[in-house]
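Going by my numbering, the first residue of the sequence shown is number 15, and it counts up by one from there. In this text, a Cβ means the ideal position worked out from N, Cα and C, and glycines have one as well. If you're wondering where the values come from, they're calculated on a predicted model, not measured in any experiment.
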Amino acid sequence: MTDATARTGAAVDGSSVTDDRLLSLAAAVQERSEHHLARATVEAAEENDLRIPESEGFRSTPGKGVRAAVDGETIHIGNTRYFASLAGTSEEPTGALDDEPIEGIREGTAALESLQADGKTSVLVVRKSDGEASVLGWLAFTDTIRTGAAETIERLRALGIEHVVMLTGDNDRVAQHVGETVGVDDVRSELLPEQKVEHVEALVERYDGVAMVGDGVNDAPALATADIVLMSDDLEQIPYAFGLGRRTRRTLFANFGIAFGAIAIMLVAILTRGIPLPIAVVGHEGSTVLVSLNGLRLLGFRE
15 MTDATARTGA AVDGSSVTDD RLLSLAAAVQ ERSEHHLARA TVEAAEENDL RIPESEGFRS
75 TPGKGVRAAV DGETIHIGNT RYFASLAGTS EEPTGALDDE PIEGIREGTA ALESLQADGK
135 TSVLVVRKSD GEASVLGWLA FTDTIRTGAA ETIERLRALG IEHVVMLTGD NDRVAQHVGE
195 TVGVDDVRSE LLPEQKVEHV EALVERYDGV AMVGDGVNDA PALATADIVL MSDDLEQIPY
255 AFGLGRRTRR TLFANFGIAF GAIAIMLVAI LTRGIPLPIA VVGHEGSTVL VSLNGLRLLG
315 FRE
């Protein structure tokens with residue numbers, strides 16, 4: 015539904031890391047991630063002609079954060095739930111990372127809360143080196159609604175789609191704004207991957223067929239739960255896929271009718287009119303050609 019644009023900032027006064035260095039470190043860690051916010055980070059670094067260092071030991075905690083080793087230091091990037099999970103708590107960061115205190119965690123958390131209040135999805139960047147952990151800064155993402163998103167929803171409704179839901183792990187204020195703008199029926203935000211699965215399961219129980227569009231590792235469990243999965247970065251292809259699927263179904267039924275109808279006619283003709291078997295075979299093969307030609311019409315399908 016949206017394209018993300020990344021920007022950086024210091025979460026702690028007097029931080030020794032420049033914005034360019036912060037962005038290059040974040041890009042190095044997230045270069046191997048499939049998340050759309052990670053792609054936005056890497057694109058921002060490339061647009062600023064920054065050198066992206068090599069990273070190793072990449073690990074992801076879906077819906078929360080990532081970490082990797084860059085230039086001999088471990089860089090953690092995540093939301094408050096990520097640092098809370100590393101500290102062994104379930105709600106808020108306690109200021110510890112692998113039993114080591116995180117310098118600047120309170121200021122960092124306050125910065126995230128302020129950014130999220132402004133409708134931006136944001137994460138902290140924390141460095142751990144020589145047994146010491148400190149907040150380097152934050153990454154904030156501004157979401158721009160894709161051109162044609164609202165039109166795509168309208169086209170889906172014209173095809174008879176009953177209920178459109180947006181499931182996202184992003185900030186609630188951003189998600190609600192996007193949902194209202196594009197015209198979806200329901201918005202569920204700040205979801206972890208397992209929570210997306212729960213919502214899709216509920217939809218599967220309620221409706222005869224549920225299709226899900228998603229990308230990245232975070233959506234994989236929920237995609238596996240849906241009846242139909244569409245993997246495309248082009249929103250305009252979604253109504254096309256639905257239309258093609260319905261046309262394919264109608265064509266399939268028509269082909270069954272042609273094939274079985276031809277067989278029935280040939281059998282009746284043989285039994286009642288006594289036509290030679292070779293002529294019946296020719297008639298059957300003719301129906302096969304008709305079925306093939308009818309199926310080939312799908313190649314020219316346009317919504």
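Segment limits, alpha helix (DSSP H) that includes residue i
{"i": "L153", "result": "No alpha helix (DSSP H) contains L153, which is instead part of the beta strand (DSSP E) from E146 to I159."}
{"i": "R187", "result": "D186 to V196"}
{"i": "I284", "result": "No alpha helix (DSSP H) contains I284, which DSSP labels as neither H nor E."}
{"i": "D33", "result": "D33 to Q44"}
{"i": "R169", "result": "A163 to A172"}
Buried versus exposed, by CB contacts within 10 Å (16 or more), residue i
{"i": "P253", "result": "buried"}
{"i": "L37", "result": "buried"}
{"i": "M15", "result": "buried"}
{"i": "E105", "result": "The pLDDT assigned to E105 is 48, lower than 50, so where the model puts this residue is not dependable; a value taken from the coordinates is nonetheless given after this. Exposed, because fewer than 16 other Cβ atoms sit within 10 Å of the Cβ of E105."}
{"i": "Y221", "result": "exposed"}
{"i": "M245", "result": "exposed"}
{"i": "H90", "result": "buried"}
{"i": "G300", "result": "exposed"}
{"i": "D63", "result": "exposed"}
{"i": "H318", "result": "Beyond the ends of the chain as shown, which are 15 and 317, falls residue 318; an answer cannot be given."}
{"i": "L285", "result": "exposed"}
{"i": "S47", "result": "buried"}
{"i": "V303", "result": "exposed"}
{"i": "D157", "result": "buried"}
{"i": "S306", "result": "exposed"}
{"i": "G193", "result": "buried"}
{"i": "Y96", "result": "buried"}
{"i": "P107", "result": "At P107, the pLDDT of 49 sits below 50, so the modelled position is not reliable and the matter cannot be decided from this model."}
{"i": "G77", "result": "buried"}
{"i": "R264", "result": "exposed"}
{"i": "L291", "result": "exposed"}
{"i": "G28", "result": "In this prediction, G28 has a pLDDT of 48, which is less than 50 and means its spatial position is unreliable; what the coordinates show is noted afterwards. So G28 ends up on the exposed side."}
{"i": "R260", "result": "exposed"}
{"i": "V227", "result": "buried"}
{"i": "A154", "result": "buried"}
CB-CB length for residue i against residue j, believed under 8 Å
{"i": "S136", "j": "L126", "result": "5 Å"}
{"i": "T196", "j": "I167", "result": "The sequence shown places Val at residue 196, not Thr. Contact flag correct, Cβ pair sits at about 5 Å."}
{"i": "G297", "j": "M280", "result": "5 Å"}
{"i": "S148", "j": "G118", "result": "6 Å"}
{"i": "K210", "j": "D186", "result": "About 15 Å separates the two Cβ atoms, so there is no contact after all."}
{"i": "N269", "j": "G309", "result": "6 Å"}
{"i": "A42", "j": "P67", "result": "5 Å"}
Per DSSP, the bridge partner or partners of residue i
{"i": "K210", "result": "K210 pairs with nothing; no bridge assigned."}
{"i": "V179", "result": "D200"}
{"i": "K142", "result": "T88 and A147"}
{"i": "E117", "result": "S148"}
{"i": "I242", "result": "A225"}
{"i": "R81", "result": "R73 and H90"}
{"i": "V56", "result": "Per DSSP, none; premise fails for V56."}
{"i": "V137", "result": "L153"}
{"i": "T19", "result": "T156"}
Boundaries of the beta strand (DSSP E) in which residue i is found, first to last residue
{"i": "M226", "result": "A225 to V227"}
{"i": "V295", "result": "It is not in any beta strand (DSSP E) - V295 instead sits in the alpha helix (DSSP H) that spans L291 to L310."}
Contact check, residue i vs residue j, beta carbons under 8 Å
{"i": "T94", "j": "T123", "result": "yes"}
{"i": "A216", "j": "D241", "result": "no"}
{"i": "E87", "j": "R53", "result": "no"}
{"i": "R73", "j": "V80", "result": "yes"}
{"i": "A294", "j": "A278", "result": "no"}
{"i": "D200", "j": "V218", "result": "no"}
{"i": "P207", "j": "A236", "result": "yes"}
{"i": "L249", "j": "R160", "result": "yes"}
{"i": "N204", "j": "G183", "result": "Strictly speaking, residue 204 in this sequence is Glu, with Asn absent from that position. Yes. Within cutoff."}
{"i": "A59", "j": "V139", "result": "no"}
{"i": "W152", "j": "L129", "result": "yes"}
{"i": "A82", "j": "G71", "result": "yes"}
{"i": "Q44", "j": "V31", "result": "no"}
{"i": "V198", "j": "G133", "result": "no"}
is_contact[residue i, chain B] using C-beta, thresh 8 Å
{"i": "S74", "result": "Reference to chain B is not applicable here, since this structure consists of a single protein chain."}
heavy atom of the ligand ZN below 7 Å from residue i C-beta
{"i": "G118", "result": "The ligand ZN is not part of this structure, which contains no ligands at all."}
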